[in-house]
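Chemist: Per this note's numbering, residue -19 is the first one in the sequence shown, and the count goes up by one each step.
Every residue, glycine too, gets a C-beta built ideally from N, C-alpha and C.
A quick note: this is a predicted structure, and the numbers were derived from the prediction, not measured.
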Amino acid sequence: MIRDITIGQYYPADSVIHRLDPRVKLTATLVYIISLFTFKSMTGYLIAGLFLFTVIKVSKVPFSYIVKGLKAIVILMLITVVFNLFLTPGEPLVTFWIFSISMEGIRTAVFLAIRLIFLIIGASLMTFTTTPNHLTDGLERIMNPLKKIHFPVHEIAMMMSIALRFIPILLEETDKIMKAQMARGADFENGGLIKKAKNLIPLLVPLFISAFRRANDLAMAMEARCYRGGEGRTKMKPLSYKKRDWIGFGTMVVYLAILFVVTRYLPF
């Protein structure tokens, strides 16, 4: 299960999506996520899905690798879907005890599941095709106007970059600790909910110690290199828009235009 978590991991490949400016990918991801919440018709989801799978094909990231990352959110998605299925008011289709399922509940649950899947895949695709360094640089450049109101732009971008870097490292560390504890007789699978929670203590304690040790080592390394924040720092590879980046912006405009026309003016 730990190995199935792919959030925050970079997948190296030679594709147009990988070569895009990180600002384009950040903006496109944000626009795509917002678009998922602006329509409530199956036609809109078909267009959003077609656009997403086209981008995945162009990115050359294996679809099986992307789907593997969805296993980590299955429980959360099932809980959300069940709550919407039973708690959405409407004309009851099936009633048992104090619960009832309506057509509106089924519709809301299905749309919410599709929305969550597209959202996770779309956000994960950005990290699959963008290195943490580029992601940090792009985020910092996008938030650059906020410096005028004394917002700590560089510090926020740096924290996000470090968090993304630590996700795969901590997942690998968790897998190693889990295997070591299982070799010593720890049981992480059997028993009830309370017993499983108690069995996690031999895993969580060394994991927290390892995380704090890594954070301390990183802080000492930054201090040894005289790191003093982003003021006056230069970039080894300054970001600049190229022709493919403007094509990327244009593609998002075309996607939004098609989505708007189809969901607002076509009868189906």
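Identify which residue in His134, Phe31, Gly29 has its Cα closest to the Cα of Tyr207.
Modeler: Minimum Cα distance to Tyr207 is reached at His134.
Chemist: Please list the terminal residues of the continuous alpha helix (DSSP H) segment that includes Asp112.
Modeler: According to the sequence shown, residue 112 is Pro rather than Asp. Looking at the DSSP string, the run of the alpha helix (DSSP H) that includes Pro112 is 112 to 122.
Chemist: Does the pairing of the region 116 to 124 with the region 34 to 46 give three or more beta-carbon distances under 8 Å?
Modeler: Not touching, per the Cβ criterion.
Chemist: How about Phe63 and Tyr235: do their beta carbons lie closer than 8 Å?
Modeler: Against a cut-off of 8 Å, the Cβ pair of Tyr235 and Phe63 comes out as no contact.
Chemist: Helix or strand or just coil, what does DSSP make of Ser190?
Modeler: Three-state DSSP puts Ser190 in a helix.
Chemist: Exposed or buried, what is His(-2) when buried is set at 16 or more other beta-carbons lying within 10 Å of its beta-carbon?
Modeler: His(-2) comes out buried.
Chemist: Does the distance from the C-beta atom of Val61 to that of Ala103 stay below 8 Å?
Modeler: Cβ atoms of Val61 and Ala103: not closer than 8 Å.
Chemist: Beta-carbon separation of Arg224 and Leu0 under 8 Å?
Modeler: Result yes, Cβ atoms of Arg224 and Leu0 sit closer than 8 Å.
Chemist: Note the first and the last residue of the continuous alpha helix (DSSP H) segment covering Phe98.
Modeler: Note, Phe98: alpha helix (DSSP H), 83 to 108.
Chemist: Could you name the residues of the same chain whose beta carbon sits closer than 6 Å to that of Tyr12, not counting the 5 residues immediately before and after it, in chain order?
Modeler: Around Tyr12: Gly102.
Chemist: Got a sec? Which residues, its chain only, sit under 8 Å from Phe66 by beta carbon, not counting five neighbours each side?
Modeler: These residues qualify, in order along the chain: Phe79, Ser80, Ile81, Gly85.
Chemist: Note the first and the last residue of the continuous alpha helix (DSSP H) segment covering His134.
Modeler: Looking at the DSSP string, the run of the alpha helix (DSSP H) that includes His134 is 133 to 163.
Chemist: Taking the alpha carbon of Leu105 as the reference point, which residue from Lys222, Lys5, Asn170 has its own alpha carbon closest?
Modeler: Cα-wise, what sits closest to Leu105 is Lys5.
Chemist: Excluding sequence positions up to five away, which residues of its chain have a Cβ less than 6 Å from the Cβ of Ser190?
Modeler: Taken in chain order, the residues that qualify are Glu153.
Chemist: Which residue's Cα is closest to the Cα of Val38: Ala160, Phe17, Lys51, Ala(-7)?
Modeler: Of the candidates Ala160, Phe17, Lys51, Ala(-7), the one whose C-alpha sits nearest the C-alpha of Val38 is Ala(-7).
Chemist: For the alpha helix (DSSP H) that Ile129 lies in, which residues bound it at each end?
Modeler: Ile129 -> no alpha helix (DSSP H), and no H or E assigned at all.
Chemist: Of all the beta strand (DSSP E) runs that stay within the bounds of the region 214 to 248, which reach a length of 3 or more residues?
Modeler: If we require 3 residues or more, the region 214 to 248 turns out to have no beta strand (DSSP E) run fully inside it.
Chemist: Who pairs with Ser44 in a beta bridge, going by DSSP?
Modeler: Answer is none; Ser44 lacks a bridge partner.
Chemist: List the endpoints of the continuous alpha helix (DSSP H) containing Pro2.
Modeler: First-last of the alpha helix (DSSP H) with Pro2: 2 to 16.
Chemist: Is Ser80 helix, strand or coil when you go by DSSP?
Modeler: Correct three-state label for Ser80: strand.
Chemist: Kindly list the residues whose CB is nearer than 6 Å to the CB of Phe19, restricted to its own chain and excluding five residues on each side of it in sequence; keep chain order.
Modeler: If we look at Phe19 and ignore the five residues flanking it on each side, its Cβ neighbours are Thr243.
Chemist: Could you tell me the distance, in whole angstroms, from the CA atom of Leu219 to the CA atom of Asp117?
Modeler: About 8 Å.
Chemist: Straight-line CA distance for Ala137 to Asn113?
Modeler: Taking the straight line from one Cα to the other gives about 10 Å.
Chemist: So Tyr(-10) packs on Thr107, CB below 8 Å; how close in whole Å?
Modeler: Indeed they touch by this definition, with Cβ atoms about 7 Å apart.
Chemist: Could you spell out where the alpha helix (DSSP H) holding Lys37 opens and where it closes?
Modeler: Here the alpha helix (DSSP H) through Lys37 covers 22 to 39.
Chemist: Locate the alpha helix (DSSP H) running through Leu67, then write down its first and last residues.
Modeler: Counting along the chain, the alpha helix (DSSP H) containing Leu67 begins and ends at 54 to 67.
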